[in-house]
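Participant: In the working numbering, the protein residues as written are 21 to 172.
Cβ coordinates follow ideal geometry from the N, Cα and C atoms, glycine included.
Just so you know, these numbers come straight off a predicted model, no measurement behind them.
There's a structure below that I have some questions on.
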């Protein structure tokens, strides 16, 4: 059982560190802080969010500086904290599994899922507005492109 909890803590720390550099960090930070807060009888979420933010700052600094050991230290810190939480409260394992499923949704390799909300403001807009991740061969004459699909 200890090996299983260690593996779960490792997976949790890996997912957490990966989330620290994504657009979904704020939500992930709140969810992880709530997870730890419930282990401490609540009331400490704000402090935990602060600790997570310090770790994120350390991670980003390590990445900018090419400090792989610093990156590993951040992950190791949260792996140990998760393992302790799991050891102290075995029921936390199921909650952590659910949290991992939320933080690491199943997607195809190489596919990044993001929430994007755009608003056009500032008056009348006369013309074409295009937003996409990749656009290839766009023909704006209204006839469409025969050279291949546009992806967005």
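#1: By Cβ distance below 7 Å, which residues in the same chain neighbour residue 214 in space, the five residues on each side in sequence not counted?
#2: Measure how close the beta-carbons of residue 105 and residue 112 come, nearest whole angstrom, since I'm counting them as under 8 Å.
#3: Nearest-angstrom Cα distance between residue 55 and residue 83?
#4: If you draw a straight line from the C-alpha of residue 59 to the C-alpha of residue 29, how long is it?
#5: How many angstroms separate the CA atom of residue 73 from the CA atom of residue 66?
#6: Please classify residue 124: does DSSP put it in a helix, a strand, or coil?
#7: By Cβ distance below 6 Å, which residues in the same chain neighbour residue 48 in space, the five residues on each side in sequence not counted?
#8: Residue 36 and residue 107 - do their beta-carbons sit closer together than 8 Å?
#9: Rounded to the nearest angstrom, what separates residue 127 and residue 102 at their Cα positions?
#10: Rounding to the nearest angstrom, what Cα-Cα distance links residue 17 and residue 77 in this structure?
#11: Take residue 115 and list the residues in its own chain whose beta-carbon comes closer than 8 Å to its own, dropping the five residues that flank it on each side.
#12: If you draw a straight line from the alpha carbon of residue 131 to that of residue 42, how long is it in whole angstroms?
#13: Given this structure, state the Cα-to-Cα distance separating residue 23 from residue 31, to the nearest angstrom.
#14: Start and end of the alpha helix (DSSP H) containing residue 74?
#15: According to DSSP, is residue 26 helix, strand or coil?
Facilitator: In terms of the structure at hand:
#1: For the chain, the structure presents residues 21 to 172; residue 214 sits outside this window and is missing.
#2: Right, their Cβ atoms sit about 5 Å apart.
#3: Their backbone Cα atoms lie some 26 Å apart in a straight line.
#4: The alpha-carbon atoms of residue 59 and residue 29 are separated by roughly 15 Å.
#5: Going from the Cα of residue 73 to the Cα of residue 66 covers about 10 Å.
#6: Assigned with DSSP and collapsed to three states, residue 124 falls in coil, not helix or strand.
#7: Once the five neighbours on either side are set aside, the close Cβ partners of residue 48 are 39 and 123.
#8: Their beta carbons are not under 8 Å apart, which means residue 107 does not touch residue 36 by this criterion.
#9: For residue 127, the predicted structure reports a pLDDT of 49, less than 50, and the residue's modelled location is therefore unreliable. A value from the coordinates is still provided. The straight-line gap from Cα to Cα measures roughly 25 Å.
#10: The first residue shown for the chain is 21 and the last is 172, placing residue 17 beyond what the model contains.
#11: So the qualifying residues of the chain are 55 and 58.
#12: Below a pLDDT of 50, predicted positions are generally treated as unreliable, and residue 131, at 48, falls in that range; the measurement from the model is reported next regardless. Each residue's Cα considered, the two are about 14 Å apart.
#13: Roughly 12 Å separates the two Cα atoms.
#14: It spans 65–84 - the alpha helix (DSSP H) in which residue 74 sits, taken as one unbroken run.
#15: Assignment of residue 26 by DSSP, reduced to helix, strand and coil, places it in the helix class.
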